[in-house]
Amino acid sequence: MRATYTGDLVDGIRQGSGVLVFANGDRYEGAFARGFREGHGVFSSERGNRVFDGEWKRSEKHGAGKEKWLHSGDRYEGEYQKDVFHGKGCFSKRCSGSKYEGEFRNGKKHGYGRMEFMRTTSSTSKPNLLKAVQATTMSGACVYEGTWKDGRMHGEGKYTRSDGSFYEGTWVDGLSHGFGKEMVMQTGDMYEGHWQKGLRHGKGAITHNGKHRKGVWESGQRIKWTTAEVPILKK
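Mapped onto numbering that gives the first Met the number 0, the consecutive letters of the sequence shown carry residue numbers 0 to 234.
And the structure:
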């Protein structure tokens with residue numbers, strides 16, 4: 000892409016400090032080495048919709064930096080490698096209220112991290128016959144803390160809902176899968192057992208009102224009980 004450069008040169012090559020303005024309106028101001036954007040610099044896209052302030056290597060974002068998208072309000076602060084999120088960082092989305100803090104690999108959540116998901120509720124009111132108004136409100140955060148793989152919850156982790164209900168156990172491709180336990184605050188039930196693709200599946204046990212009972216589940220439905228209810232003895 001064609002660009003106009005103003006700044007330091009060594010033997011006709013960009014070296015030192017300078018400003019590079021591209022034909023499409025993108026702009027970089029900062030350090031150069033051997034003709035590349037390298038060192039600390041600030042990049043702003045056409046019309047300033049996206050701004051990055053941080054480290055560069057061979058004209059790619061590389062190292063520590065901050066990036067914000069002005070139209071959406073999204074923000075990232077952390078480590079980069081070859082122009083993408085890589086290493087430890089924090090990414091937040093203003094529209095959904097979600098926030099992830101943890102490890103990234105090749106631009107995706109990968110490794111250990113904590114994610115807050117804001118639950119939203121929508122309502123429509125009609126102040127008059129000609130106009131309807133829809134309002135979206137945040138109603139509490141759900142939190143996942145654990146391991147990730149290629150942008151999805153994967154491995155061991157705990158997902159807690161805003162009412163205190165939770166699932167803690169194994170995840171595969173964003174779904175509870177393997178062995179885990181679920182607490183449902185609304186009913187007071189605690190399920191501990193096997194899961195498949197987000198549903199109770201296989202052998203498990205329910206604890207409710209101080210009593211314990213084992214059974215078998217298939218695709219989220221209990222097929223049978225395998226024991227009678229047994230009171231939990233208090234120590």
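Glycine residues also receive a C-beta, built at the ideal position from the N, C-alpha and C atoms. This one's a predicted model, so the numbers in the text were calculated from it and none came from an experiment.
- [ ] Can you say whether arginine 13 is buried or exposed, counting buried as having 16 or more other CB atoms within 10 angstroms of its CB?
- [x] Buried, by the Cβ-count rule.
- [ ] Look at aspartate 162 and glutamine 195 and say whether their C-beta atoms are less than 9 Å apart.
- [x] no
Open item on the list: Please report the straight-line C-alpha distance between serine 218 and valine 171, rounded to a whole angstrom.
Closed with: 16 Å
TODO: State the Cα-Cα distance for the pair leucine 19 and aspartate 7, rounded to the nearest angstrom.
DONE: 11 Å
Open item on the list: On a Cα-Cα basis, can you pick out the residue from Met114, Lys180, Lys81 and His70 that is closest to phenylalanine 90?
Closed with: Met114
Task: arginine 33 in three-state terms, based on DSSP - done: Looking at arginine 33 - three-state DSSP - the assignment turns out to be coil, as it is neither helix nor strand.
Task: Span separating the alpha-carbon of glutamate 228 from that of lysine 180 - done: The alpha-carbon atoms of glutamate 228 and lysine 180 are separated by roughly 19 Å.
- [ ] Scan the segment 68-98 and note each continuous beta strand (DSSP E) run of 3 residues or more that stays entirely inside, going in chain order.
- [x] 74-80 and 83-91, all fully within the segment 68-98.
Task: CA-to-CA distance, valine 183 to tyrosine 99, given in whole angstroms - done: 25 Å
Task: Alpha carbon of methionine 137 to alpha carbon of valine 50, nearest angstrom - done: Interpretation of methionine 137 is limited by its pLDDT of 44, a score under 50 that renders its predicted location unreliable; no figure is taken from the coordinates.
Task: Spatially closest choice to lysine 92 from Glu28, Gly72, Arg212 and Ala2, by CA coordinates - done: Answer by Cα proximity: Gly72.
TODO: Would you tell me roughly how many angstroms separate the C-alpha atoms of valine 132 and methionine 117, rounded to the nearest one?
DONE: Its pLDDT being 37, under 50, valine 132 is placed unreliably by the model, and the measurement read from it follows with that caveat. Cα to Cα, the separation comes out at about 22 Å.
Task: Contained beta strand (DSSP E) runs [length at least 3] in the segment 136-199, N- to C-terminal order - done: 151-159, 165-171, 174-183 and 188-195
Task: arginine 36 to leucine 174 span [Cα, whole Å] - done: Going by the C-alpha atoms only, they are around 42 Å apart.
Open item on the list: Taking the beta carbon of arginine 33 as the centre, do at least 16 other beta carbons fall within 10 Å, making it buried, or is it exposed?
Closed with: exposed
TODO: On a CA-only basis, which of Leu69, Glu45, Glu59 and Gly139 is nearest tyrosine 79? Give me that one, please.
DONE: Glu59
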